[in-house]
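To start, the structure under review is shown below, and the notes come after it.
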Amino acid sequence: MNRRYALEVRQQMAWYWQALIIAGSLILGLLVSGTILVVAGVPAGELLNEFVILTLFDAQSLQSVLFQASPLIMVGLAGCLAFRAKFWNLGLEGQMIFGAIGATAITMWDIGSPAIRLPLMMAAAMACGLLWAIAPVLLRLKLQVNEIVSTLMLNYIAINFLLHLMYGAWKDPKDAFPYSPKYESFELLPEFGDGLSMSIPIAIVIALVVLWFINISRAGLYLRFVDKSPQVARSVGVPVAKTILLAVLFSGALAGLAGLMVAAGQEGRLTHSFYVGYGFSGILIAFLARNNPIAATCAALLIATLFVAGRSLQVFYQIPFAMVQLIQAVLVICVASSDFFIRHRIRRVQGGE
Amino acid sequence: MSKQNAIQLNGVSKTFDGFKALSDADFTARWGEVHALLGENGAGKSSLMNIVAGLYGPEGGSLFINDNPVKLKGPKEAAKLGIGMVHQHFKLVTPFTVAENILLNLGHIQSSGLYRERLRRVSEDIRAMAKRIGFEIDPDARIDQLSIAEQQRVEILKVLLAGARILILDEPTAVLTEEEAERLLTTVQGFAREGAAVILVTHKMNDVLRYADQVTIMRSGQTVKTVKPDSVSVDELVRLTVGESGTGTSDQPAERTPGEAYLQVKGLTSTGSHRALNGLDLTLNKGEIYGIAGVGGNGQSELANALMGIPEAVEGQMELIGEGDLSEFDAARRRSIGVAAIPADRYGAALAGPLSIADNFALGDIHSGRYGPFWYLKTRAIEADAAEAVKQFDVQGVRSLKQKAALLSGGNAQKLVISREFNHPPKLVLAHSPSRGLDVKATEAVRDRLRAARDDGAAVLLISEDLDEVMAMADRIGVMSAGRIVAEFSQPADRQAIGQAMVNHV
């Protein structure tokens, strides 16, 4: 008598079981990551200390986690919106760059009085991010041009345009580095409380707006149809093209805002490489969160923790920063695999032969 | 040997996420017989046969093949034991040829030799087998170039070439015209005469009476009785399938005076190279059911799509008198006028399977503002309306309005579509094969809705490949052939004459 296991396709699974499975897979991913770090030379006993105690229970580190998290939340939400419309927006970085360029343009040309400067910068950042997403979405809707290619290629155009500005017209005349002049104090995202950046409450508000958009507005219902059954959506009268357009432009605007958060919240100026890694992280966060805005906010916090802990590992143990990306990848693989258990059920059968 | 049991199932149970699909079902089929498995939608026929085919593992009970106890670990093992199942939804790779599909299935048997050589051998086998059983199939034809009936023959060849001696056909006649069904069932009867066991899963009484040697009746997951079809009356069979109450009768519609013209279609023609629609004209009056009969594939689907606003490249007029051209209306406008659409492909054009019943229902009234402005969806109002409609239209199997629509059985899914489309009294009803795949009770419920709409003054267009349905429902009948209406009949119509018109113009 041999025991065997049979696989069956599940029809439906309660959301709390799904959440439990995903949480389990994340824990497994963290365990695997921990093992890799131990092999790389971090003492096993120090892991918990480095990742949890020193990052989350140390006021200053927690600040930097939150600080790091807000642009990640923005790109994560941007990913959620576009992916829900079945639009593979790989151009988050390009949209982010243009968002930051738009905001910096306001500072360079001194538009508006100091009192309204920051709101203007935010509006410009969102508008420019949105504009950078228009071409690919229209090409997709009108001519069926694959958005994976168009958004990705537009990133390169954005990156080179940024370099063109940083080494040319917008270079800080005071020194030789490729960045813009420092923003004025009223052009920076203000701090409140004990050194917490204003970008954190902004990120939370935006997350709630996206949650409303997806769950409470009529667009959310349309998005569900576009996401799950595009064919049916068209037949039963969902305005498919308009829904996709709206979601993608919203996505671009949020990516633009992420650009502003880095420029006006962290760097205090436009630099030539501020965007690096955010596009990938945005996709990854949206994926980890299954395009759910609340989960995306949590995933962004997790990734931010990794970033911050990764930096201190770099300093104390000479662990290369690439290790952080490796951990991200391990987490994604674990969560992706967990999907299998959500879709299937494993049952033990008694073997006959 | 010949009278040994081919299949025996004892006390089999199966649960899907808490729903008992099968409870303590028994079933026995002998070699050399056509054994029908009769029951309403959701009675558990397909589940039972999926267990025999190794697709599902049973939770209790035992399975014997050729009187030997077996535990199937999967469909491959079932195939090795000579069990072949032709599913209701074909499992063919559409861009591949017939021979490639069959070779794909035979992978484990014909594993030696170069690919081209193996393909050539399979093509020969296909030709030989097709000739033996009287099918005409070109092994090099691509699946997407074949009609539904031809694809079904490919499926049958596929399981026969894999060595099946126990042939299970799941609702094989649901997609076929009368002649095609007759031909198919005569062929499978031939297999049984040669000693194979054929199991015919069906809900069509006619198939059972004419072709089955034995019939097992299933109701709500249980096998009720096994009898010889000629030993009981039709009434008795109906009573066993539907239970004590609720046998439907469909009387021929009386002659009635039609209202004024409402929908005028003129010169409707497909713009593509294939003229599926070729200058179709028809006039639909208020207060009548206009039935479109015809052999499948004569432009019915294209006509339905064009009228229902499902993307379809056509030119010509579809004027709704007093409103304008139907093709220029968006969904909101169609809803506000009162155009109800019941497409043939339920999960391809009417319901989003992965979404909830409430979400699917909401689409019906979303444009009118009843469920709130654009920025706010009144979920409570949707759920209240959906609950009311589910009750009123007798949609069963709804455990929660948040349940996926895909979990509904065919009949209940169709009732959900109708509950949405008829939530406001419709003025124009477009129905394409509305009772396809539905059991007696559900069919009757659907037909009653269409008749009630007609009696309330709506113009009803019924496109159906089932002539019985058209005959039972329509006040006027148009016969469609090669993309146009070639003949029109008023009730009482001569069935013979309609049949003639259907085939003569091909």
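Residue numbers (this note's numbering), protein chains in the order written: chain A, 42 to 394; chain B, 1038 to 1543. C-beta: ideal position from N, C-alpha, C; glycine also.
Next on the checklist: Runs of 4 residues minimum, wholly inside the segment 1142–1181 of chain B: which ones carry the alpha helix (DSSP H) assignment?
Outcome noted: 1152–1170
Item to check | Sequence-distant residues of the same chain with beta carbon closer than 8 Å to V1245(B), five excluded per side | outcome: Position 208 of the second sequence holds residue 1245(B). Within the same chain, V1245(B) has close Cβ partners A1073, L1075, L1237, T1239, V1252, P1266 and L1274.
Checklist entry - Excluding five sequence neighbours on each side, which residues of the same chain lie with their C-beta closer than 6 Å to the C-beta of N332(A)? => result Residue 332(A) sits at position 291 when you count from the first residue of the first sequence. Excluding residues within five positions, the ones whose Cβ falls inside 6 Å are C121, F124 and R125.
Checklist entry - Per DSSP, what kind of secondary structure is H1469(B) in: helix, strand or coil? => result What you label residue 1469(B) is simply residue 432 of the second sequence in a count that begins at 1. H1469(B): strand per DSSP, three-state reduction.
Checklist entry - Name the chain B residues that come within less than 8 Å of F124(A), Cβ to Cβ? => result Mapped onto the first sequence, residue 124(A) falls at position 83. Chain B residues near F124(A): none, gap ~15 Å exceeds 8 Å.
Next on the checklist: With distance defined between alpha-carbon atoms, name the residue in A1496(B), M1166(B) and A1136(B) nearest to E1154(B).
Outcome noted: Taking the first residue of the second sequence as 1, we reach residue 1154(B) at position 117. It is A1136(B) whose Cα lies nearest to the Cα of E1154(B).
Item to check | Complete runs of the alpha helix (DSSP H) confined to the segment 1418–1491 of chain B [at least 4 residues] | outcome: 1447–1458
Next on the checklist: When you compare the CB positions of V289(A) and V190(A), do they come within less than 8 Å of one another, or not?
Outcome noted: One-based indexing of the first sequence puts residue 289(A) at position 248. One-based indexing of the first sequence puts residue 190(A) at position 149. No.
Next on the checklist: Can you check which of these residues, T96(A), G86(A), V80(A) and Q59(A), is closest to G351(A) by C-alpha distance?
Outcome noted: As a position in the first sequence, residue 351(A) is number 310, starting the count at 1. The shortest C-alpha separation from G351(A) is found at T96(A).
Next on the checklist: Can you tell me whether H1469(B) is buried or exposed? The criterion is at least 16 other CB atoms within 10 Å of its CB, across all chains shown.
Outcome noted: Sequence index remark: in the second sequence, residue 1469(B) carries index 432 (1-based). So H1469(B) counts as buried.
Checklist entry - Between which two residues does the beta strand (DSSP E) harbouring Y57(A) extend? => result Numbered from its first residue, the first sequence carries residue 57(A) at position 16. First-last for Y57(A): W56 to V80, but that is the alpha helix (DSSP H), not the beta strand (DSSP E).
Checklist entry - So is V80(A) buried or exposed if we call it buried at 16+ other beta carbons inside 10 Å? => result Position 39 of the first sequence, counting from 1, holds the residue named residue 80(A). Exposed, since its Cβ has fewer than 16 Cβ neighbours within 10 Å.
Next on the checklist: Does the CB of K283(A) have a neighbour CB from chain B at under 8 Å?
Outcome noted: The residue labelled residue 283(A) in the question sits at position 242 within the first sequence. No, its Cβ sits nowhere closer than 8 Å to a Cβ of chain B.
Checklist entry - If N1335(B) sits next to S1446(B), beta carbons under 8 Å apart, how far is it from one beta carbon to the other, in whole angstroms? => result By one-based count along the second sequence, residue 1335(B) stands at place 298. By one-based count along the second sequence, residue 1446(B) stands at place 409. Not a contact, Cβ separation roughly 30 Å.
Next on the checklist: Cutting at 7 Å between CB atoms, please list the residues of its own chain near D1288(B), excluding the five before and the five after it.
Outcome noted: Walking along the second sequence from the start, residue 1288(B) turns up at place 251. Unreliable positioning characterises D1288(B) in this predicted model, as indicated by a pLDDT of 48, which lies under 50. The coordinate reading is nonetheless provided below. There are no such residues.
Item to check | 8 Å Cβ cut-off: residues of chain B touching S105(A) | outcome: By 1-based counting over the first sequence, the position of residue 105(A) is 64. Going along chain B, no residue has its Cβ under 8 Å from S105(A), so there is no contact; the nearest lies around 36 Å.
Next on the checklist: With a threshold of 8 Å between beta carbons, is I257(A) in contact with chain B?
Outcome noted: For this step, residue 257(A) is matched to residue 216 along the first sequence. Chain B, which has a Cβ nearer than 8 Å to the Cβ of I257(A), makes this yes.
Item to check | Minimum Cβ-Cβ distance from P1471(B) to chain A less than 8 Å | outcome: Your numbering for residue 1471(B) matches position 434 in the second sequence. P1471(B) does not count as touching chain A.
Checklist entry - Of the choices L103(A), G132(A) and E49(A), whose alpha-carbon is the least far from that of R1087(B)? => result By one-based count along the second sequence, residue 1087(B) stands at place 50. Residue identity differs from the one stated: residue 1087(B) is Asn in this sequence, not Arg. Closest by alpha carbon: E49(A).
Checklist entry - To the nearest whole angstrom, what separates the beta carbons of Q366(A) and L237(A), a pair I think is in contact under 8 Å? => result Here residue 366(A) corresponds to residue number 325 of the first sequence, with the count starting at 1. Here residue 237(A) corresponds to residue number 196 of the first sequence, with the count starting at 1. In fact, because the Cβ distance is near 27 Å, the residues do not count as touching under 8 Å.
Item to check | For H1404(B), the three-state DSSP class (helix, strand or coil) | outcome: In the second sequence, residue 1404(B) corresponds to position 367, counting from 1. In this structure, H1404(B) counts as helix in the three-state DSSP scheme.
Item to check | Any C-beta of chain A under 8 Å from that of P1112(B) | outcome: Here residue 1112(B) refers to the residue found at position 75 of the second sequence. Cβ-Cβ to chain A under 8 Å: no for P1112(B).
Checklist entry - When you compare only the Cα positions, how much space is there between E1219(B) and V1089(B)? => result One-based indexing of the second sequence puts residue 1219(B) at position 182. One-based indexing of the second sequence puts residue 1089(B) at position 52. If I take the Cα positions, the gap works out to 26 Å.
Item to check | Span of the beta strand (DSSP E) around N1042(B) | outcome: Reading the second sequence from its first residue, position 5 is the one you call residue 1042(B). Its beta strand (DSSP E) spans residues N1042 to F1053.
Checklist entry - For S1282(B), which three-state DSSP category applies? => result Reading the second sequence from its first residue, position 245 is the one you call residue 1282(B). Only weak support is given to the placement of S1282(B): the predicted model assigns it a pLDDT of 45, under 50, and the value that follows is read from those uncertain coordinates. Residue state, collapsed to three classes: coil.
Item to check | Within 8 Å, strictly: CB atoms of R1513(B) and E1325(B) | outcome: Sequence index remark: in the second sequence, residue 1513(B) carries index 476 (1-based). Sequence index remark: in the second sequence, residue 1325(B) carries index 288 (1-based). Yes; because the gap between Cβ atoms is below 8 Å, this pair is in contact.
Checklist entry - Residues in the segment 153–171 of chain A with C-beta within 8 Å of chain B's C-beta atoms, listed in sequence order? => result none
Next on the checklist: Does any residue of chain A have a CB that is nearer than 8 Å to the CB of D1396(B)?
Outcome noted: Numbered from 1 along the second sequence, position 359 holds the residue referred to as residue 1396(B). So yes, D1396(B) belongs to the interface.
Item to check | Beta carbon proximity, L321(A) to chain B, threshold 8 Å | outcome: Locating residue 321(A) in the first sequence gives position 280, counting from the first residue. Note on identity: in this sequence residue 321(A) is Phe, with Leu being the wrong assignment. No, no contact with chain B.
Item to check | Contacts of W1412(B) in chain A (Cβ-Cβ under 7 Å) | outcome: Within the second sequence, numbered from 1, the residue matching residue 1412(B) stands at position 375. S258, listed in chain order.
Next on the checklist: Taking 7 Å as the limit between beta carbons, can you name the residues of its chain near E985(B), skipping five residues before and five after?
Outcome noted: Coverage of chain B is limited to positions 1038 through 1543, which leaves residue 985(B) absent and any answer about it impossible.
Checklist entry - Does any residue of chain A bring its CB to less than 8 Å from the CB of D1288(B)? => result Looking up residue 1288(B) in the second sequence gives position 251. Residue placement at D1288(B) cannot be trusted, given a pLDDT of 48 that sits under 50; what the coordinates show is reported in the next sentence. No - not a single Cβ of chain A is within 8 Å of the one on D1288(B).
Item to check | Contact under 8 Å by Cβ, V303(A) with P160(A) | outcome: Position 262 of the first sequence holds residue 303(A). Position 119 of the first sequence holds residue 160(A). No, these two residues do not count as a Cβ contact at 8 Å.
Checklist entry - Within 8 Å (strictly less), CB to CB, does G1285(B) reach chain A? => result In the second sequence, counting from the first residue as 1, residue 1285(B) sits at position 248. Reliability fails at G1285(B), whose pLDDT of 39 lies under 50, so the model's placement of it is uncertain and no value is given.
Next on the checklist: Which residue marks the beginning of the beta strand (DSSP E) containing E1187(B), and which one marks its end?
Outcome noted: Taking the first residue of the second sequence as 1, we reach residue 1187(B) at position 150. No beta strand (DSSP E) contains E1187(B), which is instead part of the alpha helix (DSSP H) from I1185 to L1198.
Item to check | Short Cβ contact (8 Å threshold) for M149(A) with V116(A) | outcome: Walking along the first sequence from the start, residue 149(A) turns up at place 108. Walking along the first sequence from the start, residue 116(A) turns up at place 75. Their beta carbons are not under 8 Å apart, which means M149(A) does not touch V116(A) by this criterion.
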